[in-house]
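**Student:** So the protein sequences, as listed, match chains A and B.
The opening residue of the first sequence carries number 141 in the numbering used here; numbering runs sequentially from there.
The opening residue of the second sequence carries number 4 in the numbering used here; numbering runs sequentially from there.
Note that beta-carbon positions come from the ideal geometry of N, C-alpha and C, so glycine has one too.
Every value quoted in this text rests on a predicted model; they were computed, and no experiment measured them.
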Amino acid sequence: MSADTVSKILRTVSREKAFYFFTSIGNYTGESASSLKEFMGKINEVNLKSLEFHLYRGDFEKWISEVLQDEELAVEVRKLQKFNLTGDALRNQLYVTVSRRLKRLTSQPSPTRI
Amino acid sequence: MLHFPTANNKFKRKSLHIGEGEATLKLKNNILALDTTDLKILEALQEDAKQTYTAIGKRLGIAHSTVYDRIKRMEQNGIIKKYTALIDAEKAGTKSITAIMTIYTDPKESEKVAEKLGSAPQVLEVYTSLSEELQIIAKVVAQNQESLHDFIANSVAPLPGVLRIRTSILTKKFKETQFSIINDPKRLTFIKGTHNIKEEK
Numbered sequence: 141m142s143a144d145t146v147s148k149i150l151r152t153v154s155r156e157k158a159f160y161f162f163t164s165i166g167n168y169t170g171e172s173a174s175s176l177k178e179f180m181g182k183i184n185e186v187n188l189k190s191l192e193f194h195l196y197r198g199d200f201e202k203w204i205s206e207v208l209q210d211e212e213l214a215v216e217v218r219k220l221q222k223f224n225l226t227g228d229a230l231r232n233q234l235y236v237t238v239s240r241r242l243k244r245l246t247s248q249p250s251p252t253r254i
Numbered sequence: 004m005l006h007f008p009t010a011n012n013k014f015k016r017k018s019l020h021i022g023e024g025e026a027t028l029k030l031k032n033n034i035l036a037l038d039t040t041d042l043k044i045l046e047a048l049q050e051d052a053k054q055t056y057t058a059i060g061k062r063l064g065i066a067h068s069t070v071y072d073r074i075k076r077m078e079q080n081g082i083i084k085k086y087t088a089l090i091d092a093e094k095a096g097t098k099s100i101t102a103i104m105t106i107y108t109d110p111k112e113s114e115k116v117a118e119k120l121g122s123a124p125q126v127l128e129v130y131t132s133l134s135e136e137l138q139i140i141a142k143v144v145a146q147n148q149e150s151l152h153d154f155i156a157n158s159v160a161p162l163p164g165v166l167r168i169r170t171s172i173l174t175k176k177f178k179e180t181q182f183s184i185i186n187d188p189k190r191l192t193f194i195k196g197t198h199n200i201k202e203e204k
């Protein structure tokens with residue numbers, strides 16, 4: 141994966157493109173994430189209802205794919221839907237999935253300069 | 004006496020006399036005072052704005068020219084803002100959902116949030132309210148729940164100063180009416196289950 145692609149995935153997006161956590165239709169929790177790193181942190185903070193709401197609507201994978209443009213992580217997150225996880229099991233699994241991906245991206249070697 | 008603020012400053016501390024003895028529009032400290040006849044004309048118009056001056060005059064026992072004069076003056080002073088049609092959206096075949104949003108905001112940003120909301124076509128009404136926290140209440144329409152959520156997630160939640168949002172989707176309407184002379188609490192009396200405008204003494 142090119143350094144450009146990695147930095148694009150890891151960038152901080154504008155307020156308009158951030159992910160806003162809701163617990164149900166129209167009920168915004170006040171929590172948002174503007175980068176993958178921030179998103180990972182919020183997984184451990186937001187109401188469990190919010191994680192369940194967004195995972196099964198496909199909102200997480202949509203944001204990861206369309207805004208962060210990380211197809212690989214979007215696919216991993218989509219797979220979680222199949223396990224019908226709820227509560228802390230869902231929180232833990234989502235956190236592991238995102239943190240594993242973030243670790244891989246941040247440990248990518250920098251491009252060699254000639 | 005019912006008072007309405009007037010937008011027209013040139014009338015400040017002046018009295019307008021519109022002909023007949025008791026038919027007087029008084030302007031004091033930028034507040035327009037209406038007498039019983041004016042209020043009864045307004046009540047008649049709010050029941051049916053299409054009725055003729057003659058019909059209103061006959062009902063109130065006054066000349067149609069008096070009705071005409073008073074209506075014109077109330078139009079000129081902005082008391083009668085416009086004549087419009089109330090449409091039953093369901094019968095008109097419009098499928099939509101209506102929701103009430105309560106938006107908790109940072110007090111420093113609330114005016115801007117309210118103004119921004121007011122500029123969105125899907126927002127029908129916007130109010131600020133007094134409670135423990137500063138809230139903005141907005142009535143919003145959308146095609147369905149999904150488009151309602153998209154609007155809130157993409158256009159309301161990202162506004163600077165929005166702290167959190169609670170949304171209630173309305174399921175059944177029991178009553179909808181505009182503010183009117185008929186339901187003004189100051190003027191309402193109940194007579195055997197009906198209401199009447201209080202007569203001034």
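(1) Can you give me the C-alpha to C-alpha distance between B/Thr-40 and B/Gln-148, rounded to a whole angstrom?
(2) Identify the contact partners of A/Gly-170 in chain B, using a Cβ-Cβ distance below 7 Å as the criterion.
(3) Is B/Ser-18 buried or exposed, if buried means 16 or more other CB atoms sit within 10 Å of its CB?
(4) If you draw a straight line from the C-alpha of B/Glu-1 to the C-alpha of B/Ile-65, how long is it?
(5) Suppose you measure from the CA of B/Gly-24 to the CA of B/Gln-49; what does that come to, to the nearest Å?
(6) Checking 8 Å against the spacing of the C-beta atoms, do A/Glu-178 and B/Pro-161 come in under that value?
(7) Within 8 Å of any Cβ in chain B, is that where the Cβ of A/Asn-187 sits?
(8) Taking its Cβ as the centre, do 16 or more other Cβ atoms sit within 10 Å of B/Glu-46, making it buried, or is it exposed?
(9) Does B/Thr-40 come within less than 8 Å of chain A when only Cβ atoms are used?
(10) Taking Cβ-Cβ distances shorter than 8 Å, what residues in chain A pair up with B/Leu-151?
(11) Work out the CA separation of A/Glu-212 and A/Leu-242 for me, nearest whole Å.
(12) Can you grab the Cα-Cα spacing for the pair B/Gln-138 / B/Val-144, in whole Å?
(13) Any beta-carbon of chain A closer than 8 Å to the one on B/Ile-139?
(14) Residues of chain A with a CB under 7 Å from the CB of B/Thr-108: which are they?
(15) Show which residues of chain B have a CB atom less than 8 Å away from the CB atom of A/Ala-158.
(16) When the Cα atoms are used, what is the spatial distance from A/Ile-149 to B/Ser-113?
(17) Quick check: what's the CA-CA separation for A/Val-238 versus B/Phe-177?
(18) Whole angstroms are fine: how far does the CA of A/Gly-166 sit from the CA of B/Ile-155?
(19) Would you say B/Phe-7 lies against chain A (beta-carbon separation less than 8 Å)?
(20) Could you check whether the Cβ of B/Gln-148 sits closer than 8 Å to any Cβ belonging to chain A?
(21) How would you write the range of the beta strand (DSSP E) that B/Lys-142 sits in, first residue to last?
**Tutor:** Short version:
(1) Taking the second sequence and counting its residues from 1, the one referred to as residue 40 of chain B is at position 37. Taking the second sequence and counting its residues from 1, the one referred to as residue 148 of chain B is at position 145. Answer to the nearest angstrom: the Cα atoms are 47 Å apart.
(2) Residue numbering aside, residue 170 of chain A sits at position 30 when the first sequence is read from its first letter. Residues of chain B with a Cβ closer than 7 Å to the Cβ of A/Gly-170 are, in chain order, Leu-166, Arg-167.
(3) Against the second sequence, residue 18 of chain B aligns to sequence position 15. The predicted model places B/Ser-18 with a pLDDT of 29, which falls under 50 and marks its position as unreliable; any figure quoted below should be read in that light. Result: exposed.
(4) It is not possible to answer for residue 1 of chain B, since the shown part of chain B is limited to 4 through 204.
(5) Locating residue 24 of chain B in the second sequence gives position 21, counting from the first residue. Locating residue 49 of chain B in the second sequence gives position 46, counting from the first residue. For B/Gly-24, the pLDDT reaches just 34, beneath the cut-off of 50, and the residue's location in the model is therefore unreliable, leaving the point undetermined.
(6) Stepping through the first sequence from its first residue, residue 178 of chain A is reached at position 38. Stepping through the second sequence from its first residue, residue 161 of chain B is reached at position 158. At least 8 Å separates the beta-carbon of A/Glu-178 from that of B/Pro-161.
(7) Within the first sequence, residue 187 of chain A is the residue found at index 47, counting from 1. Not one chain B Cβ lies under 8 Å of A/Asn-187.
(8) Counting from 1 along the second sequence, the entry for residue 46 of chain B is found at position 43. Label assigned to B/Glu-46: buried.
(9) If you number the second sequence from 1, residue 40 of chain B lands on position 37. Answer no: the Cβ-Cβ gap between B/Thr-40 and chain A never drops below 8 Å.
(10) Looking up residue 151 of chain B in the second sequence gives position 148. Under the 8 Å cutoff, chain A gives Ile-165, Gly-166.
(11) For this step, residue 242 of chain A is matched to residue 102 along the first sequence. For this step, residue 212 of chain A is matched to residue 72 along the first sequence. A/Leu-242 and A/Glu-212: Cα-Cα distance of roughly 12 Å.
(12) One-based indexing of the second sequence puts residue 138 of chain B at position 135. One-based indexing of the second sequence puts residue 144 of chain B at position 141. Cα to Cα, B/Gln-138 sits roughly 19 Å from B/Val-144.
(13) Reading the second sequence from its first residue, position 136 is the one you call residue 139 of chain B. Not one chain A Cβ lies under 8 Å of B/Ile-139.
(14) Your numbering for residue 108 of chain B matches position 105 in the second sequence. None at all; the shortest Cβ gap to chain A is about 11 Å.
(15) Indexing the first sequence from 1 puts residue 158 of chain A at position 18. Per Cβ cutoff of 8 Å: Pro-161.
(16) As a working mapping, residue 149 of chain A is identified with position 9 in the first sequence. As a working mapping, residue 113 of chain B is identified with position 110 in the second sequence. Whole-angstrom Cα-Cα distance: 33 Å.
(17) As a first step, residue 238 of chain A is located in the first sequence; it is residue number 98 there, counting from the start. As a first step, residue 177 of chain B is located in the second sequence; it is residue number 174 there, counting from the start. Answer to the nearest angstrom: the Cα atoms are 48 Å apart.
(18) Counted from its first residue, the second sequence places residue 155 of chain B at position 152. Counted from its first residue, the first sequence places residue 166 of chain A at position 26. Their Cα atoms are separated by approximately 6 Å.
(19) One-based indexing of the second sequence puts residue 7 of chain B at position 4. Its pLDDT being 42, under 50, B/Phe-7 is placed unreliably in this model, and the coordinates cannot settle the point.
(20) Numbered from its first residue, the second sequence carries residue 148 of chain B at position 145. Judged by the 8 Å Cβ criterion, B/Gln-148 is in contact with chain A.
(21) Working through the second sequence from its first residue, we reach residue 142 of chain B at position 139. Residue range 138-145 is occupied by the beta strand (DSSP E) that includes B/Lys-142.
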